[in-house]
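Quick notes on the structure that follows.
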Amino acid sequence: MIAKQVNELSLQQIIFLDFLLKDFEFCPLSEALKIALPIVFETHVETQAELKNISQLCKLLHFACRRHLSQQTVAFLIKSVLDEATRLDLKSAKIVVHSICELDTIDDNSVLLLHQALDVIVNNKSKCSYSDFDVILSKLASKFSQKRFYLYHENFLHSATSFIVERQRSFEEGVWIVKKASKFGFVNLKLLGYLAAKAERVPHVLSDCGTLILFSFVGGLSLADYRPNNWNILEPLILKNAFSHIGAVELPWMKFALDLCTLDCWPLKLLDSLFNCDFLSKYLSRGCKLNHD
144 MIAKQVNELS LQQIIFLDFL LKDFEFCPLS EALKIALPIV FETHVETQAE
194 LKNISQLCKL LHFACRRHLS QQTVAFLIKS VLDEATRLDL KSAKIVVHSI
244 CELDTIDDNS VLLLHQALDV IVNNKSKCSY SDFDVILSKL ASKFSQKRFY
294 LYHENFLHSA TSFIVERQRS FEEGVWIVKK ASKFGFVNLK LLGYLAAKAE
344 RVPHVLSDCG TLILFSFVGG LSLADYRPNN WNILEPLILK NAFSHIGAVE
394 LPWMKFALDL CTLDCWPLKL LDSLFNCDFL SKYLSRGCKL NHD
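Okay, so the sequence shown: first residue is 144 according to this note's numbering, each after it adds one.
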């Protein structure tokens, strides 16, 4: 009886029931349904999907990608969304990005669809929030900044970084965006200048920030080979903060020191501490690497 009823569920009902099951306590029925629902979905998707309903297609794609269904099912849905891509709105475009970032394998069609979705997001950037840009950039950086897959969408990266300046967001929020955009080798000098000016006006955002923010800010300046005009004000704030954490050997000190040197900053006291035999022994014993995320 249950098997027959499951087989008669619509695609939307399958997705909803699968969503509810994550909160169910373990029992044979819930486990059986978790196995059965994706199978039934794959059986019916090509005959039941409304091929002109872009909103539904994107939700079906998200389910297929999130549940790691067969390549055939995913390819069918990607092709179906591509055929209607001119109808993508901001909400559907964000769903597409989240979906493709769940894929284990990236092919030409998925990259093409991802680019079209990012185009839609850029065209609707005035409707986007900081969270939108931050989450999407995080997912893209996690999926595509590694050497396994390649993606570069300059307009989206420019929109995400420019958002901070245009909306006058905080120093910390700006550095998070710099950090993630840097994974694609992208720099925005206007954003870096904005952050440098903000740190001059409100020194504690730099002198009291955590090491991840501190190192990411300096790393962003280094990648851009950009030494702000107010560097004489920022440098002592950066070094004072760094020295307060010098005992934390787990931090990526060598990368930080290299970034400072790139900016023509040669803090001898810091370098002496880093190349002290005792510090180096502890640092290298942890298997510390040059690069940091």
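Positions of the beta carbon are idealized from the N, C-alpha and C atoms, including for glycine.
Note that the coordinates shown come from a computational prediction; the quantities given were computed from them, not determined experimentally.
Spatial distance of residue i from residue j (CA atoms)
i	j	result
Asn-331	Ser-305	8 Å
Arg-370	Phe-399	15 Å
Pro-410	Ile-178	59 Å
Phe-287	Lys-234	22 Å
Lys-383	Leu-357	11 Å
Glu-316	Ser-213	38 Å
Arg-429	Glu-393	7 Å
Glu-193	Val-217	15 Å
Arg-441	Ser-272	It is not possible to answer for residue 441, since the shown part of the chain is limited to 144 through 436.
Val-345	Phe-314	9 Å
Ile-320	Glu-297	14 Å
Leu-180	Lys-202	15 Å
Leu-256	Ala-303	19 Å
Leu-427	Leu-417	11 Å
Identity of the residue in the options nearest residue i by Cα
i	options	result
Phe-329	Ala-391, Phe-299, Lys-268 and Lys-237	Phe-299
Phe-327	Leu-225, Phe-292 and Arg-210	Phe-292
Ser-274	Asn-266, Leu-160, Val-254 and Ile-307	Ile-307
Asp-450	Leu-246, Asp-262 and Leu-220	No answer is possible for residue 450: the residues shown for the chain start at 144 and end at 436.
Ala-260	Leu-401, Glu-151 and Leu-225	Leu-225
Leu-285	Pro-171, Ser-325 and Ser-302	It is worth fixing the name first, because residue 285 is Ser in this sequence and not Leu. Residue Ser-325 is the option with its Cα nearest to Ser-285.
Cβ shell of residue i (< 8 Å), same chain only, five flanking positions each side left out
i	result
Lys-222	Asn-252
Leu-380	Ala-342, Pro-346, Leu-349 and Ser-350
Cutoff 7 Å; reference residue i; Cβ partners in own chain excluding five residues on either side
i	result
Glu-227	Lys-195, Ile-197 and Leu-200
Gly-336	Pro-371
Asp-247	His-211
Cutoff 6 Å; reference residue i; Cβ partners in own chain excluding five residues on either side
i	result
Ser-153	none
Proximity test, residue i beta-carbon vs the ligand MN heavy atom, cut-off 7 Å
i	result
Ala-342	The ligand MN is not part of this structure, which contains no ligands at all.
The stretch 418-431 / the stretch 384-399 touching (three or more Cβ pairs under 8 Å): Flag = yes, the stretch 418-431 and the stretch 384-399 touch.
Complete runs of the alpha helix (DSSP H) confined to the stretch 192-228 [at least 4 residues]: DSSP runs (the alpha helix (DSSP H)) wholly in the stretch 192-228: 197-209 and 214-226.
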